[in-house]
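Participant: In the numbering used here, the protein residues as written are 11 to 545.
1) Pick helix, strand or coil for residue 464, following the three-state DSSP scheme.
2) Taking the beta strand (DSSP E) that residue 307 belongs to, which residues open and close that run?
3) Using 8 Å as the cut-off, can you tell me whether the segment 278–297 makes contact with the segment 138–150, which would need three or more C-beta pairs spanning the two stretches below that distance?
4) What does DSSP give as the partner residue(s) for residue 158 in the beta ladder?
5) Do you know how far the Cα of residue 178 is from the Cα of residue 481?
6) Excluding five sequence neighbours on each side, which residues of the same chain lie with their C-beta closer than 6 Å to the C-beta of residue 227?
7) Please determine, among 195, 204, 201, the residue with the shortest C-alpha to C-alpha distance to residue 212.
8) Could you give the uninterrupted runs of the beta strand (DSSP E) lying entirely in the segment 137–219, keeping only those of 3 residues or more?
9) Between residue 4 and the rest of its own chain, which residues show a CB-CB distance below 8 Å, the 5 nearest in sequence each way excluded?
10) If you count every other CB in all the chains shown that lies within 10 Å of the CB of residue 32, and 16 or more means buried, which is it?
11) Helix, strand or coil, according to DSSP, for residue 475 in the structure here?
12) Does the structure place the segment 419–433 close enough to the segment 362–382 that three or more beta carbon pairs sit under 8 Å?
13) Thinking just about the alpha-carbon of each residue, which of 120, 130, 190 is nearest to the one in residue 165?
14) Determine the DSSP secondary structure at residue 267, reduced to helix, strand or coil.
15) If residue 399 and residue 447 are in contact, beta carbons under 8 Å, what's the gap, nearest whole angstrom?
16) For residue 323, which beta-bridge partners are listed by DSSP?
17) Can you say whether residue 331 is buried or exposed, counting buried as having 16 or more other CB atoms within 10 angstroms of its CB?
18) Skipping 5 residues on each side, what residues in its chain have a beta carbon closer than 7 Å to that of residue 465?
19) Below 7 Å CB to CB, which residues in the same chain sit around residue 83 once its five sequence neighbours on both sides are set aside?
20) Using three-state DSSP, classify residue 124 as helix, strand or coil.
21) I believe residue 278 touches residue 235 by the beta-carbon criterion, under 8 Å. Please report the beta-carbon distance rounded to the nearest angstrom.
22) Just checking my contact of residue 174 with residue 105 at CB under 8 Å: how many whole Å lie between their CB atoms?
23) Identify every residue that forms a DSSP beta bridge with residue 290.
24) Check residue 442 in the structure and name its three-state DSSP category.
25) Could you work out which residue in 214, 307, 42, 343 is closest to residue 321 when comparing CA atoms only?
26) So the candidates are 334, 325, 289, 250; which of them puts its Cα closest to the Cα of residue 79?
27) Distance, Cα to Cα, residue 207 vs residue 349?
28) How long is the line joining the alpha carbons of residue 53 and residue 96, rounded to whole angstroms?
29) Out of 491, 438, 90, state which residue places its alpha-carbon closest to the alpha-carbon of residue 404.
30) Checking 9 Å against the spacing of the C-beta atoms, do residue 302 and residue 108 come in under that value?
31) Closest to residue 313 by CA distance: which of 219, 185, 91 is it?
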């Protein structure tokens, strides 16, 4: 009997002990709801924010975020407030990205090269030579021409000329390394007053700042008209131009006619003309111009960065039994807590692993010592979308509509740049694309013109950097072709059948083969079903 009583007492003690252990971790009065700003993201380095809503009765003064294995560079962020001036870190470099289209001034003199089919303007009262006429003609109006071959210019672009990058361009600041942040900017403390950018940051230069990084063959667009001397005089009319033939008779030169510049090779490059540098160039970025400081680069703070959330102490690394990855912990300073029914956001920087679904743990503790753990599911998409492009029909004539279809491997958030370039055309034509219901198939149309000089293979380009999925993964360029044939076949002249006997014969069986000659592509081909046997 004593043994049974002892056993009951032991069981009661164990039950009581278990109940006591349980209450140190979970309390019915400690309840939270947690959420993340985006639960589906692309793989890479980023800043995410978890918001904690206190639905309990006691204030929360300690928060710990725990990530699973595979995540790296996990750290709390600090904030550099908008309009603060910082320094790019000279111990690394003064790298910035100049956004495409940003106006800068040349700080050095440099020669440029024009690509084949670049438009130029020949001014009124200047002369050209027309080979088809065998004589010269004077322009009665400004004429729009295109160069028939890539050509350098004799005249250089000079210091002070305005240009802009065709694409985003990495450059190195050389005059001054101070920049102003244009928005509240997330940073991660490296040490001392040095911080690192987990994401690209928009900043502006605070003085006229010279920058290097342009080299031979790199493209810019002109932000001003520029008169140059072409080293190659061969051009082609882009549209009809009125001239005085032989200096006397008024007439027109049709579009698409090959001509030559005469007397001099001067021409005007219009605003927006794309040119390529033939050597290294330095540019001046004007004061207050917006540029980008790339992610993973460092900044030196002139004023201290604020903790996030403000007045919460950040501690890292912190070990936690839920993961092998060091956690990050925040503790409210003084009376800074998450009050009952209140909420607070906790941003952090992290580099995700590859594609997969991951669980983030959030451990919160109130000022009574009660705690709870909530889970958040984070989906990581590290797979870039792929696409194919087709044209239907593949062979077309003049003034015919072609359907262009882009088929993607997944739903696309955007498809911004589908271009068609006909043979020797100086310009690309952008196609307006319309998606289906789930954004996996996009269609557009293109109509051929009547310029037979552009017959041949036309290319369709899908610019990879300008189509992306819903989390921002960008695709790779794809292209395809179709063929335009605007020229009618030549009328056959039949005077006799080749090989037909000229004198009587006893042969009772003959074979007649039908062929056709393509007057654009050239060459003779046998016609389908064009072989006939006569018996």
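No residue lacks a Cβ here, since even glycine has one placed at the ideal position from N, Cα and C.
Facilitator: Judging by the given coordinates:
1) For residue 464, the three-state secondary structure derived from DSSP is helix.
2) Unbroken run through residue 307: none, as it is neither H nor E.
3) Contact fails: fewer than three Cβ-Cβ distances are below 8 Å.
4) None, per the DSSP bridge assignment.
5) In a straight line, the C-alpha of residue 481 is about 21 Å away from that of residue 178.
6) Contacts found: 286.
7) Out of 195, 204, 201, 195 has the C-alpha closest to the C-alpha of residue 212.
8) List check, beta strand (DSSP E) in window: 137–140, 145–149, 153–157, 172–175, 179–183, 188–191, 195–201, 204–206, 211–215.
9) Nothing about residue 4 can be reported from this structure: the residues present for the chain run from 11 to 545 only.
10) Residue placement at residue 32 cannot be trusted, given a pLDDT of 26 that sits under 50; what the coordinates show is reported in the next sentence. So residue 32 ends up on the exposed side.
11) Helix at residue 475.
12) Of all C-beta pairs linking the segment 362–382 to the segment 419–433, fewer than three are shorter than 8 Å, placing the two stretches out of contact.
13) Between residue 165 and the set 120, 130, 190, the nearest pair of CA atoms involves 120.
14) The answer is coil: DSSP assigns residue 267 none of H, G, I, E or B.
15) Actually they are not in contact, since the Cβ atoms of residue 399 and residue 447 sit about 20 Å apart, beyond 8 Å.
16) Partner residues in the beta bridge of residue 323, as assigned by DSSP, are 341.
17) By the neighbour-count rule (16 or more Cβ atoms within 10 Å), residue 331 is not buried but exposed.
18) In its chain, beyond the 5 residues on either side, 433, 494, 495, 496, 497, 530 have a beta carbon closer than 7 Å to the beta carbon of residue 465.
19) The residues are 55, 359, 360, 361.
20) In the structure shown, residue 124 sits in a strand (DSSP, three-state: E or B).
21) Sure, about 6 Å apart at Cβ, within 8 Å.
22) Between the beta-carbon of residue 174 and that of residue 105 there is about 19 Å, and that puts the pair past the 8 Å contact cut.
23) Beta-bridge pairing links residue 290 to no other residue.
24) Assigned with DSSP and collapsed to three states, residue 442 falls in coil, not helix or strand.
25) Closest by alpha carbon: 343.
26) Closest by alpha carbon: 334.
27) Rounded to the nearest angstrom, the two C-alpha atoms are 32 Å apart.
28) Those two C-alpha atoms are separated by around 29 Å.
29) Cα-wise, what sits closest to residue 404 is 491.
30) Contact check for residue 302 against residue 108 passes: the beta carbons are separated by less than 9 Å.
31) Residue 91 holds the alpha-carbon nearest to the alpha-carbon of residue 313 among 219, 185, 91.
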